[in-house]
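Some notes on the structure that comes next.
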Amino acid sequence: GQITAMLVQEGTVVKKGQLLATLDDTRYAAALAQAKATMKAARVTCANDEANYRRLNKLVTTHAASIQARDDAKANFEAAHATCEAAVAAVALAQRQFDDTRLYAPSDGTVENRILQPGESLDFGEFAGGKVGLPNYKQRPQERLKRNAAQSADAYSAIQRLAKNNPETEQGNVQNPEKP
Numbered sequence: 016g017q018i019t020a021m022l023v024q025e026g027t028v029v030k031k032g033q034l035l036a037t038l039d040d041t042r043y044a045a046a047l048a049q050a051k052a053t054m055k056a057a058r059v060t061c062a063n064d065e066a067n068y069r070r071l072n073k074l075v076t077t078h079a080a081s082i083q084a085r086d087d088a089k090a091n092f093e094a095a096h097a098t099c100e101a102a103v104a105a106v107a108l109a110q111r112q113f114d115d116t117r118l119y120a121p122s123d124g125t126v127e128n129r130i131l132q133p134g135e136s137l138d139f140g141e142f143a144g145g146k147v148g149l150p151n152y153k154q155r156p157q158e159r160l161k162r163n164a165a166q167s168a169d170a171y172s173a174i175q176r177l178a179k180n181n182p183e184t185e186q187g188n189v190q191n192p193e194k195p
């Protein structure tokens, strides 16, 4: 994605969780809004179909409605419920993709250099290959020893997640640098 802001300079001391950079979130914000609207519509449909099913279920006991009508209402309610669950999952995915446009420091450290600038695009291949277009930073020695292995795994997971969520990146192009 295109970098919209680099919020740290070379030599800056950063804390774990500090916002380092932002990527263009336009399409992700739109996808999130669309997913939320779809979820809202699905919830309304589900609530309506549930009320209809409950109403017909009571009417069947007094023979004011047919069993077939009740069974149809039940099937509609169950389908609407499944659609609602899918919509909730779509919102969760869209939210995660939107959140991934904010890049945070994985640990305390000092920014060593900035390879990319605002307006440039983050190439996931370069990111995975260790050239890292985001601020590179040096951890304090005692932290480096404790976190080195965990950070490699975290960075690889983040790269995989970013690559998977980027429609311009083919899945499978990101390789784990720790594995031959």
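With the numbering used here applied, the sequence shown has no gaps in its numbers, which climb one by one up to 195 at the end. Ideal Cβ placement from N, Cα and C applies to all residues, glycine included.
For residue i, tell me which candidate among the options has the shortest Cα-Cα distance.
i    : options                   : result
A66  : T76, A88 and A48          : A88
F92  : R70, V106 and V103        : R70
A95  : D64, G32, T19 and A36     : D64
N128 : M54, V23, D115 and Q17    : V23
A120 : L34, M21 and L108         : L34
F113 : K51, M21 and A97          : K51
L53  : D123, R117, A107 and G124 : In the sequence as displayed, the identity of residue 53 is Thr instead of Leu. It is A107.
D86  : E25, Y68 and T98          : Y68
T41  : E135, V103, A104 and Q17  : Q17
Y43  : D123, S136, G134 and R111 : R111
A36  : S122, L118, Q132 and V126 : L118
DSSP has residue i in a bridge; who is on the other side?
i    : result
I18  : L38
R117 : T37
V203 : No statement about residue 203 is possible, as the shown extent of the chain runs from 16 to 195 and does not include it.
S81  : None, per the DSSP bridge assignment.
With residue i as the anchor, note down where its alpha helix (DSSP H) starts and where it stops.
i    : result
V126 : Unbroken run through V126 is the beta strand (DSSP E), G124 to N128; no alpha helix (DSSP H).
Checklist entry - Are the region 42-62 and the region 75-85 touching by the rule of at least three beta carbon pairs closer than 8 Å? => result no
Checklist entry - Quick check: the region 39-50 against the region 20-29, are there 3 or more CB pairs under 8 Å? => result no
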